[in-house]
Each structure stands twice: as C-alpha cells, then as structure tokens.
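In the numbering used here, the protein residues as written are 74 to 254.
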C-alpha cells in the first residue's frame, strides 16, 4: 500500500513537471521553472530511493515477523494426552481373574467332596447296619474295583443304562395303559 502511494506521488510529480515545461511564457519564469524542474527531479529521485528503501524494509519486517512467530511456536507448550491403563489397573484385573478361577476350582472341589462324603456315608451305613451277605457283597465290590477299575466302571455304567432303559419302557407302558382306558 505504501508502494502504491509513493508510485502515485511520483506520477503526480512527473505530471507537474510536464505541465511546467509546457508553460514557458517568460524568461524570468523560465529560470524559476528550471529551478522548479530541478527541485522536482531531486524530489523524484529521493522518492525513488524511498521506494527501494521501503521494499527493503518490508522484506526485513517480514523476516522479523517470521522469526518472531517461529520463536513463539517454540515457546508454546505442546501437551500430548495419552490415555493408557496404569500397571496397577492391569495387575488388579489379572488378580481378579486369578481369584475367580481359584474360587471356581474351590467350589468344584467342595461339590465333589460333598458327593464323595455322601457316598462314603452310604457305604459306611451298609457296613455298620448290614448283614453278613451285604458285607460280603460290599467287600467283593471293593475288591473288584481295586483289581480292574476300567472294567468295573464300564459294567456299572452299562447296568445303570439298562436300568434307565427299563424305567423308560415301564413309564411308556404305563402311559399306553392310561390312554387305552
């Protein structure tokens, strides 16, 4: 904008110089006119110097503004927010999961122990209150289990399966009798 102002001033001075040169009436005025032309030319050269000085100053001001903005950017604190779990949180979660697994195992063992104790009390009842034949059967059963555990388990499972099938057949027969009546 300052360059534009200087340019218009220079153009006005040139126009004034041209107007003075055209108006050449008297010799006295001619001397004054030459003086004026000389002063105008000196003004013109000074203004052209101002123009170059102004562009240099504008460049220096721009460089200074860039340096200041670079220093301001360097001074700003850049805070980066990183969201992460603290190690104690991970430790707490893992300990909680471990305690859940331990509690599940403990409960499972407790249930198995209760079932074993119930069966054990049944066995002890037979021994305490049974007659000689029942005691002999119990002793033989224990001996068979000790000799061949796998075969014993298979036989028990097969007999239980047959008992379940008989019970199912009896139940179906009872249902058919009820339908026929």
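Beta carbons are placed, not taken as given, at the ideal position from N, Cα and C, and that holds for glycine.
{"Query": "What residue range does the alpha helix (DSSP H) around residue 247 cover?", "Result": "222-253"}
{"Query": "Starting from the N-terminal side, write out each stretch of the alpha helix (DSSP H) that is 4 residues or longer and does not extend beyond the segment 142-184.", "Result": "none"}
{"Query": "For residue 75, which option in 123, 86, 118 and 95 has the closest C-alpha, if you only look at C-alpha atoms?", "Result": "123"}
{"Query": "According to DSSP, is residue 130 part of a helix, a strand, or is it coil?", "Result": "helix"}
{"Query": "Distance, Cα to Cα, residue 133 vs residue 152?", "Result": "33 Å"}
{"Query": "State the Cα-Cα distance for the pair residue 190 and residue 214, rounded to the nearest angstrom.", "Result": "18 Å"}
{"Query": "Measure how close the beta-carbons of residue 294 and residue 86 come, nearest whole angstrom, since I'm counting them as under 8 Å.", "Result": "As shown, the chain starts at 74 and ends at 254. That puts residue 294 outside it, with no answer to give."}
{"Query": "Below 9 Å between beta carbons: does that hold for residue 82 and residue 120?", "Result": "yes"}
{"Query": "Between residue 79 and residue 109, is the Cβ-Cβ spacing less than 9 Å?", "Result": "no"}
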